[in-house]
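In our numbering, the protein residues as written are 11 to 277. Worksheet: one structure, shown below.
Okay, here's the thing in C-alpha cells:
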C-alpha cells in the first residue's frame, strides 16, 4: 500500500515538474498571439476572432493582395514619390517575428496627395507578402510612415519593395554585422546614422497603389500602399541571415509558397 502511495506521489511529481517546465519555456520564449499557418487555430483566417481589437482582420480591405494585371494597373502619371528624407541616428531590433530598423528622430517624410507621412520604421518579410500576377518573391521591404492627426487616429502609408534572388542588397550588406549581433527577441542595437534615401530607390515613377490594411493584427484598414514595380535583388545569404536571426519565425513556409488569393491573401 505504501509502495502504491509512493508510486502515485512520484507520478504527480513528474506531471507537476513537466507542467512547470513547459510553463517556464512558454514564459521564456513567449507564446505567439497569432501565426501564419492556415490550419492553425491562430492562423490568418482566425485573427479577427482572437481579440475584439483585431476585428478589422475580417474586413473587406485587407492586405496583402495579388497585384494582378486584370485587377490593378500601373499608373505612370502619378510621378515620382515626393520624398524628403534625411540622415538620422537609428537602431536595429529583433522583434521576434522580424528585424526592424527605427529612427530615433525625424528622418523625413513622403507626401501623398498633399498629406505628409513621417518615416517610422522599415522591416522585411520573407517570402514576400504581396504577389504580382500570382508570383511570390523572395523578400519584401516595408517602409512604414505615419501622419499624426488631431483626433489621435493616425494615418498610415507603407512603401513596399519586392526582391528576387540575385546580387546582394547594399543596405542589408551594411546591416549584416548588426543583425548577427541581435539573435534574441527584443534585442536592440544602435547602428549609427542611416540615410533613408539610400534605402529606397524607387527606380522610376511606375508603381502600384491601393488602399488596404496593416498585414498583421490589428489589421487596421485605411492604409495607403505604394508598391514599386521594379523588382530589386537580394542574395540567398542575406535572406537566410534575416530568417535565422528570428527565433520565433512565424512567417508561413509551405503555405506562403502558394499563390495569393486574388481578393485577399488572407481570405
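Glycine is no exception: its CB is placed at the ideal position from the N, C-alpha and C atoms. The structure displayed is predicted, hence computed values, not measured ones.
Outcome for residue 191 when other beta-carbon atoms lying within 10 angstroms are tallied against a minimum of 16: Mapped onto the chain shown, residue 191 falls at position 181. Looking at its Cβ environment, which holds fewer than 16 other Cβ atoms inside 10 Å, residue 191 is exposed.
Counted within 10 angstroms of its Cβ, other Cβ atoms place residue 198 as buried (16 or more) or exposed: Residue numbering aside, residue 198 sits at position 188 when the chain shown is read from its first letter. With fewer than 16 other Cβ atoms within 10 Å, it is exposed.
Where the alpha helix (DSSP H) containing residue 242 begins and where it ends: Translated into the one-based positions of the chain shown, residue 242 becomes position 232. Looking at the DSSP string, residue 242 is not in any alpha helix (DSSP H); the run it does join, the beta strand (DSSP E), is 242-244.
Unbroken beta strand (DSSP E) run spanning residue 204, endpoints: Numbered from 1 along the chain shown, position 194 holds the residue referred to as residue 204. Residues 198-204.
Inter-residue spacing [alpha-carbon to alpha-carbon] between residue 133 and residue 109: Here residue 133 refers to the residue found at position 123 of the chain shown. Here residue 109 refers to the residue found at position 99 of the chain shown. The alpha-carbon atoms of residue 133 and residue 109 are separated by roughly 6 Å.
Contact under 8 Å by Cβ, residue 115 with residue 95: As a position in the chain shown, residue 115 is number 105, starting the count at 1. As a position in the chain shown, residue 95 is number 85, starting the count at 1. No. Outside cutoff.
Beta-carbon proximity list for residue 34, same chain, < 6 Å, skipping 5 on both sides: On the chain shown, position 24 is the one that residue 34 refers to. Annotation note: pLDDT 42 at residue 34 (below 50); position unreliable, coordinate value reported separately. Result list for residue 34: empty, nothing under 6 Å.
At least 3 beta-carbon pairs within less than 8 Å: the region 142-150 vs the region 240-253: yes
Sequence ranges, beta strand (DSSP E) only - wholly within the region 95-129, length at least 3: 98-104, 109-113, 118-122
Inter-residue spacing [alpha-carbon to alpha-carbon] between residue 52 and residue 43: Residue 52 sits at position 42 when you count from the first residue of the chain shown. Residue 43 sits at position 33 when you count from the first residue of the chain shown. Spanning the two alpha carbons is a distance of roughly 7 Å.
Cβ pair count under 8 Å reaching 3, the region 165-179 against the region 220-237: yes
Beta-carbon proximity check, residue 255 vs residue 193, cutoff 8 Å: Mapped onto the chain shown, residue 255 falls at position 245. Mapped onto the chain shown, residue 193 falls at position 183. Inclusion of residue 255 and residue 193 in the CB contact set at 8 Å is warranted, their separation being smaller than that value.
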